[in-house]
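Asker: Before anything else, here's the structure in question.
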Amino acid sequence: MTKVLLVFEHGVWMNPSVFATILRNLGIDFQLAYVGSVTDAVRTDRGRYGAASAAIRNYFRNFNAVFVMERAPITTAYGVRAAVHWLRWNEPDDPPIVYFGWNFSTVNRELDTLLPADFPFIRPDPNNLADTVAIADNGVPFASEFTQRFGTSVYLLREGKRLYVPTYNIYTGDNRLGYWRLDMNKHASLGTHGEILAIPDHPDESYPHNAIAAYRYRNRYLLPATAQSFGYIITTRDAIPNATYLFWFLYGLKLAGVAPRWALPIHLETDHPLEVLSNSVLSYRQQIEIERDVFAWLNDFCRATGLVVCNGVRVGGRDRAIHSLFHWNLIHHSNPEIRTVAQQLHQILIQGHIRGTLPCGVHDHSITNNNTRGYWGDHVHYNFRRHINPHSLYGAPHDVPRMHGRYQCARHVLPPDAAGSDARRTIMGDADILEWGFEGRMTGSAVQFDLPMGSVHAARIIIESEIDEMRAMGFPDGHCGEHRYTNTAANNAGGECYWQAAKEMGFKGMRSAYHCNANGGAAVNKTVPYNRIWNGFHLLMDCSLDSAQVSPLGCWGLYDPRCPTSGHAVAVLNLDYNGDIINEYPNSVWRAYRRAMCRLLSDWLMVCVVFLGAPYIHPVPTWMGVSLSQPVARFSGLNILNAAGTPHFNPTVEMLECMRDIISVLSNYLFFGSVSDVIKARERVIG
Amino acid sequence: MADDGFRITRREMLKYLLGAPAGLLTLSKSYGVSMAALGFPLEADLELSQDRVILWQGYTTVDTTWRDLRGNPGAEFPTVQQTTLYPLLNWAGYKTSNSPLNFRVLGRSVDQSGAPLLGNWRTIQAGSINTPAHRWFRLLIQEGYWDEYRIELSSSTPQQVFSQLTARFDYLPRSPAAGTDKKQVASVDTLLVWAYIVDTTPEKDLFGRTSADLPVIDHVGAYRLLVWTGVKRGEADIAYTVKARSTDFSGAPLGSGWLVISTGLITGAPNSWYRVVISQPDGLFYDQYRICAQTASGIQELRAKIVGVR
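From first to last, the protein sequence lines stand for chains A and B.
Count the first sequence with the numbering used here and you get residues 1 to 687, in order.
Count the second sequence with the numbering used here and you get residues 688 to 997, in order.
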């Protein structure tokens with residue numbers, strides 16, 4: 001197995017959690033070492049070695065690569081200073097060493113006499129930032145509340161690609177970010193021993209000609225920083241936004257030639273592929289036309305790349321009719337113009353489901369009393385309506401339990417003949433139960449009744465009604481075909497009774513928040529297991545990639561000063577710094593675009609690579625800022641406008657195209673795949 | 688926990704230790720074998736040792752520098768890891784000098800990635816072994832279920848120390864429902880890893896919620912004992928309350944409210960480790976727990992890991 005050595009300054013404050021998880025997920029082994037000063041010994045699992053000794057050099061040769069992990073401001077003399085010795089070890093049997101955001105500033109006086117004479121960087125000087133540092137992204141601060149502002153996009157010279165990946169080399173100490181600057185004469189003198197790998201590059205920015213983001217110095221790679229902080233621990237509850245800079249970690253693996261045992265899937269989900277906003281300035285027909293055209297483009301993209309986009313179809317419109325804008329209601333709309341275009345989109349989804357590009361699953365906001373909370377979002381759903389299907393197991397007119405029997409006993413401890421005459425066997429996970437005493441607890445032939453939501457009997461009725469509606473709409477199943485999965489409404493997977501019922505109906509996983517029915521005050525609020533696997537049933541961590549939310553005036557893409565704060569990407573993603581977007585709009589559109597893409601792509605990478613989770617978008621709020629005539633056009637600043645007269649912005653098209661570029665650069669590590677690929681990856685490393 | 692499971696005779700110990708290649712005594716400063724590092728399957732050890740497993744054995748030369756049983760002075764590195772399963776460890780050894788042998792037994796927990804919640808350690812036991820030269824000693828490490836242990840030694844004059852580190856584990860009661868007479872090891876499972884900013888608000892759970900009906904962990908009815916470890920990052924003491932309840936087999940609580948099963952105070956300097964054992968005389972076996980914590984003053988980060996012992 002390939003093996004990487006991660007070198008940190010010390011063990012107390014710096015935590016390798018994120019990197020350990022990435023390496024585990026890729027099947028790459030690793031070891032840790034610690035050293036600070038140039039005179040310190042390197043502390044390794046095998047003992048201490050002098051930082052410049054032959055012993056540590058030989059120790060390095062046990063690894064495929066050595067990564068110097070760093071996050072020290074240039075105003076300090078902190079960091080892995082001892083790594084300066086290793087710049088000179090460039091024999092063929094020396095492993096490549098990758099320095100991430102290494103602090104070799106002038107404050108680090110230990111390095112003064114030790115840096116090689118041909119080291120081609122201008123040392124960052126906190127007292128002379130203007131001549132030694134290229135300040136990034138309009139000087140935005142690097143405080144925790146501004147983690148969205150990642151610096152600029154970069155251009156990779158080897159690959160010839162511009163990537164939207166958060167990037168910085170220098171943390172100035174006054175909360176600004178910067179890039180290194182190169183001594184161009186020394187760079188020229190190095191010839192083939194020096195190579196510029198990446199430069200900051202974007203149409204809205206201007207940098208000195210010698211600003212660089214990544215460089216190869218002989219067999220040593222100097223790359224941007226990989227973390228905002230090393231303080232986080234990895235938990236099962238939330239995706240922690242500390243993996244912002246993980247592209248550079250993966251790119252370091254590539255440059256060092258560290259091959260993974262397997263690549264990791266990048267996938268995506270949508271919630272409510274067919275939906276309209278009643279308060280939009282766009283008509284229902286216009287909104288659905290946008291959805292139709294983007295899904296048609298998405299279908300083609302999936303066929304071309306191998307990406308599989310699971311779609312949570314908003315069911316419940318047929319049986320519970322809570323909301324007139326559900327999928328069922330739109331494809332049966334009384335207005336023929338709306339119905340026609342809804343049917344066109346619907347057929348794209350059905351064909352995509354059958355062909356495997358756009359599989360669809362149930363996504364039910366109609367259960368629970370307030371119409372939003374999903375599975376087990378209330379203790380009792382009053383006046384619940386089930387499906388009518390004599391060929392079903394749990395639909396009307398069948399008389400089935402709507403709650404547990406009055407008596408429940410494990411079968412293996414029940415004396416003979418002790419159960420009542422109406423005893424039923426129920427399997428729940430590894431429990432085998434007989435229950436009886438169902439008087440007053442059955443549905444009879446009723447279609448509508450009060451349904452206590454916390455039992456496997458309720459879960460069976462609910463999930464079967466959802467699948468029945470999917471089939472009535474022409475889908476062959478309700479669990480995304482072969483993937484046997486769905487993205488749940490409100491990220492609420494209910495609890496073990498819903499997982500059991502879903503397993504019985506063919507599912508092998510769902511998307512779920514840690515608090516798997518947490519959205520309402522009346523909810524029971526259960527939690528998922530620590531490893532997010534319950535009796536073989538996977539519960540994938542949720543991560544929203546929405547760049548806009550439903551707002552009272554509709555949603556207007558990247559930015560619209562007339563739009564409420566939840567309705568555009570600048571507000572939702574917190575992209576503005578001190579008015580540098582909103583006060584300069586529309587001249588700042590490319591700045592807004594760049595920051596939005598860096599944020600969305602880094603979050604997407606994080607949830608797939610670190611957490612093996614489930615990223616998702618809501619088409620309606622995120623897509624309504626597109627041009628009506630060119631809904632899938634790439635962003636073009638002020639050249640293409642949407643219906644509100646602001647720049648056209650289709651975040652899904654942009655994200656997918658930009659992620660395609662990232663995957664093409666990291667093709668040994670990432671691939672476009674499906675949720676089944678994610679579950680396979682989870683089973684490999686989590687079990 | 689009785690220690691009669693450890694029956695290491697002097698003859699057995701000599702067999703283990705002197706079986707090491709004698710020539711290595713002069714070639715290296717330390718020699719030892721970690722069973723986990725060699726990838727020995729646990730089952731093989733079970734067959735050989737019944738209810739104990741050898742975690743490490745070998746020798747090292749101890750001097751004035753604190754170094755672990757393997758001779759490694761790097762304080763960041765554990766002597767043994769993946770030790771969550773074990774309620775009790777036994778360190779048996781043989782010292783070769785009259786000089787006192789100073790020791791520190793350290794433990795810590797790791798997160799989902801295997802990285803420590805914080806890179807420092809909790810001192811479980813510390814002291815000095817003052818026996819004359821060429822004598823045996825033995826130390827029971829009764830604070831079990833840590834993910835990693837480091838046993839550090841120092842001596843004012845250099846001496847070789849032979850060591851064997853073993854661990855004991857428990858078996859589940861034999862269950863007729865399981866349909867087998869084969870003994871099953873009582874596994875220990877991670878239930879939660881979390882970092883949370885604790886403040887002075889009463890009745891706030893580890894996720895910062897004050898709604899009284901919300902559990903912190905669920906589906907945990909199989910566990911007779913919970914061990915809650917972690918790091919407090921601030922100065923102030925932290926008061927905690929652990930509440931429990933049961934659910935029906937669909938997962939619905941049998942009633943509202945909770946049974947308070949444990950209260951206490953987490954004390955210590957900033958960045959110090961804590962360990963809370965949540966137990967009842969006949970075992971816990973509740974399905975849900977709600978754990979609340981509040982500081983006496985200010986706010987501070989609390990890192991927490993909870994494991995369940997079957």
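C-beta atoms are modelled at their ideal positions from N, C-alpha and C, and glycine is treated no differently.
Since the structure is predicted, the reported quantities are computational estimates derived from the model, not experimental observations.
Give a yes or no on whether 8 Å exceeds the smallest Cβ distance from residue 743 of chain B to chain A.
Answerer: With 8 Å as the cut-off, residue 743 of chain B does not count as an interface residue toward chain A.
Asker: Just to confirm the assignment: which complete beta strand (DSSP E) runs, minimum length 3, are found wholly within the region 741 to 809 of chain B?
Answerer: If we require 3 residues or more, the beta strand (DSSP E) runs fully inside the region 741 to 809 of chain B come out as 775 to 782 and 788 to 795.
Asker: Please confirm if the region 610 to 629 of chain A is in contact with the region 529 to 545 of chain A, defined as three or more CB-CB distances below 8 Å between the two stretches.
Answerer: As far as the Cβ criterion goes, the region 610 to 629 of chain A touches the region 529 to 545 of chain A, which means the pair count is three or higher.
Asker: Check each candidate in A:528, A:482 and A:281 and name the one with the smallest Cα separation from residue 497 of chain A.
Answerer: Residue A:528 is the option with its Cα nearest to residue 497 of chain A.
Asker: Is residue 404 of chain A close to chain B, meaning its C-beta is less than 8 Å from at least one C-beta of that chain?
Answerer: At least one chain B Cβ lies under 8 Å of residue 404 of chain A.
Asker: For residue 804 of chain B, go through chain A and note every residue whose CB falls closer than 7 Å to its CB, in chain order.
Answerer: In chain order: 233.
Asker: Suppose you measure from the CA of residue 137 of chain A to the CA of residue 129 of chain A; what does that come to, to the nearest Å?
Answerer: Approximately 15 Å between the Cα atoms of the pair.
Asker: Tell me which residues of the region 878 to 911 of chain B have at least one Cβ-Cβ distance to chain D shorter than 8 Å, keeping chain order.
Answerer: Structure shown: chain D not included; protein chains present are A and B.
Asker: Whose C-beta lies closer than 6 Å to the C-beta of residue 234 of chain A among residues of the same chain, with five residues either side of it excluded?
Answerer: Taken in chain order, the residues that qualify are 17 and 21.
Asker: Looking at residue 164 of chain A and residue 225 of chain A, is the spacing between their C-beta atoms short of 8 Å?
Answerer: For residue 225 of chain A and residue 164 of chain A, no; Cβs fall outside 8 Å.
Asker: As a quick exercise: from B:941, B:786 and B:777, pick the residue whose alpha carbon is nearest that of residue 748 of chain B.
Answerer: Selected option, being the one with the closest Cα: B:786.
Asker: If you draw a straight line from the C-alpha of residue 211 of chain A to the C-alpha of residue 155 of chain A, how long is it?
Answerer: Each residue's alpha carbon lies about 12 Å from the other.
Asker: What are the boundary residues of the beta strand (DSSP E) that residue 839 of chain B is part of?
Answerer: Start and end: 835 to 842.
Asker: For a cutoff of 8 Å on Cβ pairs, would you count residue 144 of chain A as touching chain B?
Answerer: Summary for residue 144 of chain A: the model assigns pLDDT 49, below 50, so the residue's position carries little reliability; its value from the coordinates is reported in the next sentence. No, its Cβ sits nowhere closer than 8 Å to a Cβ of chain B.
Asker: Runs of 3 residues minimum, wholly inside the region 468 to 525 of chain A: which ones carry the beta strand (DSSP E) assignment?
Answerer: Entirely contained in the region 468 to 525 of chain A, the beta strand (DSSP E) runs reaching 3 residues are, in chain order, 509 to 512.
Asker: DSSP three-state call for residue 695 of chain A: helix, strand or coil?
Answerer: Since the displayed chain A opens at 1 and closes at 687, residue 695 of chain A lies outside it and no answer follows.
Asker: Pull up the distance between the alpha-carbon of residue 857 of chain B and that of residue 909 of chain B, whole angstroms please.
Answerer: Rounded to whole angstroms, residue 857 of chain B to residue 909 of chain B spans 15 Å at the Cα level.
Asker: Using a Cβ-Cβ cutoff of less than 7 Å, which residues in the same chain neighbour residue 253 of chain A once the five nearest sequence positions on both sides are dropped?
Answerer: Excluding residues within five positions, the ones whose Cβ falls inside 7 Å are 669.
Asker: Give the secondary structure of residue 266 of chain A by DSSP, where H, G and I count as helix, E and B as strand, and everything else as coil.
Answerer: The answer is strand: DSSP assigns residue 266 of chain A an E or B state.
Asker: Mind checking if residue 799 of chain B is an interface residue toward chain A, Cβ cutoff 8 Å exclusive?
Answerer: Closer than 8 Å to some Cβ of chain A, the Cβ of residue 799 of chain B qualifies, so yes.
Asker: Does the distance from the CB of residue 36 of chain A to the CB of residue 82 of chain A come in under 8 Å?
Answerer: Cβ atoms of residue 36 of chain A and residue 82 of chain A: closer than 8 Å.
Asker: Distance, Cα to Cα, residue 777 of chain B vs residue 851 of chain B?
Answerer: Each residue's alpha carbon lies about 8 Å from the other.
Asker: Determine, for residue 835 of chain B, whether the minimum Cβ-Cβ distance to residues of chain A falls below 8 Å.
Answerer: Chain A contact via Cβ: absent.
Asker: What residues of chain B sit near residue 680 of chain A, judged by a beta carbon separation below 8 Å?
Answerer: Simply none; closest approach about 19 Å.
Asker: Decide yes or no for the touch test of the region 272 to 286 of chain A against the region 316 to 329 of chain A: beta carbon pairs closer than 8 Å, at least 3 of them.
Answerer: At 8 Å Cβ cutoff, the stretches touch.
Asker: Any residues in the region 446 to 480 of chain A with a beta carbon nearer than 7 Å to a beta carbon of chain B? Which ones, in chain order?
Answerer: Answer in chain order: 454, 455 and 456.
Asker: Any contact of the region 977 to 995 of chain B with the region 937 to 944 of chain B, i.e. 3+ C-beta pairs under 8 Å?
Answerer: No, they do not touch.
Asker: Just to confirm, are residue 256 of chain A and residue 245 of chain A a CB contact at a threshold of 8 Å?
Answerer: No. Outside cutoff.
Asker: Mind pulling the chain A residues with CB within less than 8 Å of residue 942 of chain B?
Answerer: Neighbours of residue 942 of chain B on chain A: none; closest Cβ ~12 Å, over 8 Å.
Asker: Do residue 265 of chain A and residue 677 of chain A have their C-beta atoms within less than 8 Å of each other?
Answerer: Going by C-beta atoms, residue 265 of chain A is nearer than 8 Å to residue 677 of chain A.
Asker: Check residue 425 of chain A in the structure and name its three-state DSSP category.
Answerer: Residue 425 of chain A: strand per DSSP, three-state reduction.
Asker: Taking any Cβ of chain A, which residues in the region 918 to 942 of chain B have a Cβ under 9 Å from it, in chain order?
Answerer: Correct list: 934, 935, 936, 937, 938, 939 and 940.
Asker: Starting from residue 57 of chain A and walking both ways along the alpha helix (DSSP H), at which residues does that stretch end?
Answerer: Start and end: 54 to 60.
Asker: Would you say residue 365 of chain A and residue 374 of chain A are within 8 Å of each other, going by their C-beta atoms?
Answerer: In contact: residue 365 of chain A and residue 374 of chain A (Cβ atoms closer than 8 Å).
Asker: Note down, in chain order, every chain A residue with its Cβ under 7 Å from the Cβ of residue 856 of chain B.
Answerer: In chain order: nothing, as chain A lies at least about 20 Å away.
Asker: Which residues, in chain order, does the region 762 to 787 of chain B contribute to contact with chain A at a C-beta distance below 8 Å?
Answerer: Per Cβ criterion, the list reads 762, 763 and 764.
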